[in-house]
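So the sequences go chain by chain: H and E. Numbered continuously in my numbering, the first sequence closes out at residue 366. Numbered continuously in my numbering, the second sequence closes out at residue 289. Encoded as structure tokens, the structure appears first; notes follow it.
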Amino acid sequence: MAKQLMKGNEAIARAAMLGGLDAFFGYPITPQNEVPEYLSRYMLEEGKVFVQSESEVAAINMVYGAAAAGFRAMTSSSSPGIALKQEGITYLCGSELPCVICSVMRGGPGLGSIQPSQGDYNQATRGGGNGDYHVIVFAPETIQETIDIMKEAFDIADYYRNPVMILVDGLIGQMMESVDLTRPVKKRFLPEKDFATTGTNHHNKRNVVNSLYLESAELEAHNLALKKKYDKVIINDTRYELINMEDPDYVIVAFGTMSRVCRSAIETLSEKKIRVGIIRPISLWPFPNRAFETLEAPHLKGILVVEMNLGQMLTDVIVANNGKYPIGFYGRAGGVVPDPSNVVDAIVHFKDLVVK
Amino acid sequence: MKRITFITGYFGSGKTEIALNLAVQKRVNILLDLDIVNPYFRSREQEPLLKELGIRTISSGLVNSPHADLPFLAKEVYIPFHDQSLSAVYDLGGSGSGARLIRQFKDYLPNDEVDLLFCVNINREVTDTAEKIIEEIHIIESSGGVRPTGLINNSNFLKETTVQDIIAGEKVLLSVAKATKLPIVYTGVVSSIDSDDFHVAGEKIILKLYFNKHWL
């Protein structure tokens, strides 16, 4: 069956399995519960590992263990749960272990609400762990795109030996769409996992997976090697989509659910004879700076950042824009999903929303 | 339509859209949202609309807060069984875990005034063949302790639904009906593709998709 109706969370789970998931570790939290629920049924049917851990912290450390043993491991959670995983994430980065982390955002801070939000942009792209590290973050806007990226995610993680995060809001997790699970995705050449702790095989030196480097020079060399790797990610895996970008009067920057709302808004705006394009970041880290560097629009009056938070991606847009155009911001928080009419109003009243 | 209708089925089969459309079109007195499985897209979110139409909503949310995630049932859930003058639609949570709540009503069931309808969308992977649907019906029956009394063909792809999708669903459900001796009571048809000469098994329910925002 090529086409079927799937809920976002189910699609994440199935696509992870199609991407080669060997072992899942997670702890329940709304609104991502269908991910572990789905995997608890199907992973065991296929002889794979599913563990409902005793906590989020335990889950991310189990991911560390499975990844160190050379398996494709994943955890999923929602905002407060991802907060708990931060220590594990920096250890994974420090030890150069590949894994996939799925984050289905809800309202915050603290316990917040269970309604959809994009309030974890900073949590995903900056992280709360220690040291110089990056997580590769993708923010799809449809369930189909979530599937396609998820299917590729383990390859990307293995290729760079780094965690990859799929970041969606609760709406994408909970809604249903018609999808095709069989769409082909990019394949890449992957080296042997010679770092994995799979036994000495009677003659090899044993592998140790660790992020501890007691000598300053040694740790600096490690930091520089990581930096070199991250630079490679920036060059090769920065992703974004340009929508309706021919000679726009305004440009909207939005990701995930918000870009869908904005797609609808720019149709209404074109009826009002206002030409509006959209820069849609697909990778949030690396952020698509080049979309702004190459932006040539003689009639452009400004860039409007629209988010379901109070201005987090805004910082990255300000940096990428480098003072070239005026920047405005429209954001809603707390689980409120703006309507296309709100975005239309924001463009019409752009001058009032300009960030000083 | 019987005085009381329970809508059950595999999760994501469209129970809530069917329940809302049935409640609105049949102008029942009460819509009871017994979904304690899903956090979003629950019929209680439509309470303001239902109120305007004179339909009372009973759910397990807090007062004025449809967005709580609380696994309890309001004490009012038995009202339709105590007052024979009231008609009602019960919207249950998905699959076995949602259907387990039917056991709350075991003192009143089975009952000639009550339909327990199993809603099916064959485009969901767990209910895409007659065999799998029959298995799901057994799961609902063993969880809820009551045998469904009929079927609903709700085979769709939301806004992308075609007439062929509904016919394909009907074909599968007719063989389920034959094997289980359960009738197809309703067929859901998205309003945009309906026409007068489109005939379906059971009563046709023209669906308005209450949760499908135009930008989705």
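All residues carry an ideal CB built from backbone N, CA and C; glycine is no exception.
Asked: Considering just the uninterrupted stretch of the alpha helix (DSSP H) at methionine 160 of chain H, what are its terminal residues?; Found: 153-170
Asked: Does the region 176-191 of chain E come close enough to the region 81-89 of chain E to have 3 or more Cβ pairs within less than 8 Å?; Found: yes
Asked: Check whether chain H comes within 8 Å of histidine 272 of chain E, counting only Cβ atoms and requiring the distance to be less than that.; Found: no
Asked: So leucine 95 of chain E packs on threonine 78 of chain E, CB below 8 Å; how close in whole Å?; Found: 7 Å
Asked: Could you name the residues of chain E that arginine 270 of chain H contacts, counting a contact when the two beta carbons are closer than 8 Å?; Found: Trp288, Leu289
Asked: Give the DSSP-derived three-state secondary structure of isoleucine 129 of chain E in the structure shown.; Found: In the sequence as displayed, the identity of residue 129 of chain E is arginine instead of isoleucine. Looking at arginine 129 of chain E - three-state DSSP - the assignment turns out to be strand.
Asked: How would you label asparagine 227 of chain H, buried or exposed, when you count the other beta carbons within 10 angstroms and need 16 or more for buried?; Found: Sequence check: residue 227 of chain H is alanine here, not asparagine. Alanine 227 of chain H is exposed by the Cβ-count criterion.
Asked: Residues of chain E with a CB under 8 Å from the CB of glycine 180 of chain H: which are they?; Found: Pro112, Tyr113
Asked: Could you tell me whether the Cβ atoms of threonine 207 of chain H and alanine 78 of chain H are closer together than 8 Å?; Found: yes
Asked: Are there 16 or more other CB atoms within 10 angstroms of the CB of glutamate 66 of chain H, so buried, or fewer, so exposed?; Found: buried
Asked: If we require 3 or more residues per run, which beta strand (DSSP E) segments fall completely within the region 77-154 of chain H?; Found: 83-88, 109-115, 146-148
Asked: In its own chain, which residues sit with a C-beta less than 7 Å from the C-beta of glutamate 120 of chain E, not counting the 5 before and 5 after it?; Found: Thr130, Pro139
Asked: Closer than 7 Å by C-beta to arginine 160 of chain H: which residues in its own chain qualify, once you throw out the five before and the five after it? Chain order, please.; Found: Reading the sequence as shown, one finds methionine at residue 160 of chain H and not arginine. Only Ile22, Ala25, Ala26, Gly29, Ile176 meet the Cβ criterion.
Asked: I need the straight-line Cα distance from aspartate 270 of chain E to glutamine 14 of chain H, nearest angstrom please.; Found: 27 Å
Asked: I want to check one thing, is the minimum distance from the CB of valine 114 of chain H to the heavy atoms of the ligand PLP below 7 Å?; Found: For the structure depicted, the ligand PLP is absent and the ligand set is empty, with no information on it obtainable.
Asked: With valine 245 of chain E as the anchor, note down where its alpha helix (DSSP H) starts and where it stops.; Found: 236-253
Asked: Methionine 115 of chain H and serine 88 of chain H look like a contact to me (Cβ under 8 Å); what is the Cβ gap, rounded to whole Å?; Found: 7 Å
Asked: Give every residue of the same chain whose Cβ lies closer than 6 Å to the Cβ of phenylalanine 35 of chain H, excluding the five residues on either side of it in the sequence, and list them in chain order.; Found: Val61, Ser63, Ala69, Met72, Val73, Thr85
Asked: Taking Cβ-Cβ distances shorter than 8 Å, what residues in chain E pair up with methionine 318 of chain H?; Found: Ordered by position in chain E, no residue passes the 8 Å Cβ test against methionine 318 of chain H, which lies about 13 Å from the chain.
Asked: Closer than 8 Å by C-beta to aspartate 142 of chain H: which residues in its own chain qualify, once you throw out the five before and the five after it? Chain order, please.; Found: Asn233, Leu236, Lys237
Asked: Closest Cβ-Cβ distance between arginine 197 of chain E and chain H: below 8 Å?; Found: yes
Asked: Let's see if you can read the secondary structure: which residues bound the alpha helix (DSSP H) around aspartate 241 of chain H?; Found: 226-247
Asked: I need the DSSP call for proline 291 of chain H, collapsed to helix, strand or coil.; Found: strand
Asked: So what's leucine 123 of chain E in DSSP terms, helix, strand or just coil?; Found: helix
Asked: Pull up the distance between the alpha-carbon of methionine 186 of chain H and that of tyrosine 223 of chain H, whole angstroms please.; Found: 47 Å
Asked: Just curious, the beta strand (DSSP E) that leucine 305 of chain H is in, first and last residue?; Found: No beta strand (DSSP E) contains leucine 305 of chain H, which DSSP labels as neither H nor E.
Asked: Considering phenylalanine 271 of chain E, what are the terminal residues of the alpha helix (DSSP H) in which it resides?; Found: No alpha helix (DSSP H) contains phenylalanine 271 of chain E, which DSSP labels as neither H nor E.
Asked: Does the Cβ of arginine 193 of chain H have 16 or more other Cβ atoms within 10 Å, making it buried, or fewer, making it exposed?; Found: exposed
Asked: Check whether the Cβ atoms of threonine 156 of chain H and glycine 18 of chain H lie closer than 8 Å to each other.; Found: yes
Asked: Considering only DSSP beta bridges, list what serine 274 of chain H is partnered with.; Found: Partner(s): none; serine 274 of chain H has no beta bridge.
Asked: DSSP on lysine 277 of chain E, reduced to helix/strand/coil?; Found: strand
Asked: Beta-carbon of proline 291 of chain H versus every beta-carbon of chain E: anything under 8 Å?; Found: no
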